[in-house]
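In our numbering, the protein residues as written are -7 to 241. The beta-carbon is built from N, C-alpha and C at its ideal position, and this holds for glycine as well.
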Ligand SMILES: C[S@@+](CC[C@H](N)C(=O)[O-])C[C@H]1O[C@@H](n2cnc3c(N)ncnc32)[C@H](O)[C@@H]1O
């Protein structure tokens, strides 16, 4: 299931995959790592939790958290799946070290971490039941982001599920203020900016299932759920592919 051919080198904490991530992203998140868990959940906890819940992880599955960072989603992902496998990948060693500490403290023995580029996932085609990713695609440059989405689609099994959480386009004055901050000082928000992920997911052959907007401290997030096409299970989705769109603030 895990392509060990792609792995090079390793230290005593995490296996390292070839060419993991953009160097500039790694430097930025290495700087943010020490303060990340104190600040970022203040605007993102609600959407991340909802994204994990909407992924509907079942016990025994193989689940990947792409760009797991400090592992904020891992306890809930692994908690729903104690006898399966939860794989956290990230390009930034400093972030993954914090994730490592988190899984050790929580005794999450079903979690494996590895350094890898979201655009080159070290997993075999069709080997993953569910992919989760929060606030990663919205930090990536457009062409790498599209490659990362293609990779998520590649590793998912037919009928496999995906939930992505990202900064959304603002629809309130508070949201507009966050978007202005993202434009004026990109590093402060980890280079996150509002993105419309749905068309980018469907461009890679994924079937959109739902889109939910969530706000926390005015910060607008969006959770998009999609599935790898499975002819028997999904014969008749609507033309837009979206069957649900709601907003929570
Ligand atoms: C804003 S943080 C989000 C972390 C976590 N998912 C969360 O919700 O808190 C973005 C993370 O994406 C990682 N990242 C950025 N580009 C990446 C890439 N190309 N491949 C893998 N990880 C990447 C960064 O290292 C960072 O840990």
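In or out: residue i buried (at least 16 other Cβ within 10 Å) or exposed?
i           : result
residue 7   : Below a pLDDT of 50, predicted positions are generally treated as unreliable, and residue 7, at 45, falls in that range; the measurement from the model is reported next regardless. Label assigned to residue 7: buried.
residue 232 : Bear in mind that a pLDDT of 43 at residue 232, under 50, signals an unreliable position, so the number given afterwards is only what the model happens to contain. Burial call: exposed.
residue 90  : buried
residue 109 : buried
residue 120 : buried
residue 153 : buried
residue 214 : buried
residue 143 : buried
residue 99  : exposed
Using the Cα positions of residue i and residue j, report the straight-line distance between them to the nearest angstrom.
i           : j           : result
residue 141 : residue 148 : 11 Å
residue 166 : residue 60  : 27 Å
residue 197 : residue 212 : 26 Å
residue 184 : residue 177 : 10 Å
residue 11  : residue 126 : Only weak support exists for where residue 11 lies, its pLDDT of 48 falling under 50; the value from the coordinates is given anyway. When rounded, the distance between both Cα atoms is 21 Å.
residue 53  : residue 73  : 7 Å
residue 219 : residue 200 : 6 Å
residue 175 : residue 182 : 11 Å
residue 118 : residue 209 : 38 Å
residue 105 : residue 216 : 24 Å
residue -3  : residue 38  : In this prediction, residue -3 has a pLDDT of 25, which is less than 50 and means its spatial position is unreliable; what the coordinates show is noted afterwards. Approximately 37 Å, taken between the alpha carbons.
residue 146 : residue 115 : 9 Å
residue 158 : residue 123 : 14 Å
Which class does residue i belong to by DSSP, given the choice of helix, strand or coil?
i           : result
residue 142 : helix
residue 166 : helix
residue 102 : coil
residue 186 : coil
residue 222 : coil
residue 130 : helix
residue 161 : coil
residue 212 : strand
residue 119 : coil
Say whether chain C places a C-beta atom closer than 7 Å to the C-beta of residue i.
i          : result
residue 60 : This model lacks chain C altogether, as it is built from one protein chain only.
Q | Length at least 3, wholly inside the segment 15 to 95: the beta strand (DSSP E) runs in chain order | A | 54 to 58, 77 to 82
Q | Any 3 or more C-beta pairs closer than 8 Å across the segment 36 to 53 and the segment 191 to 209 | A | yes
**Q.** the segment 162 to 180 contacting the segment 55 to 70, beta-carbon criterion three pairs below 8 Å
**A.** no
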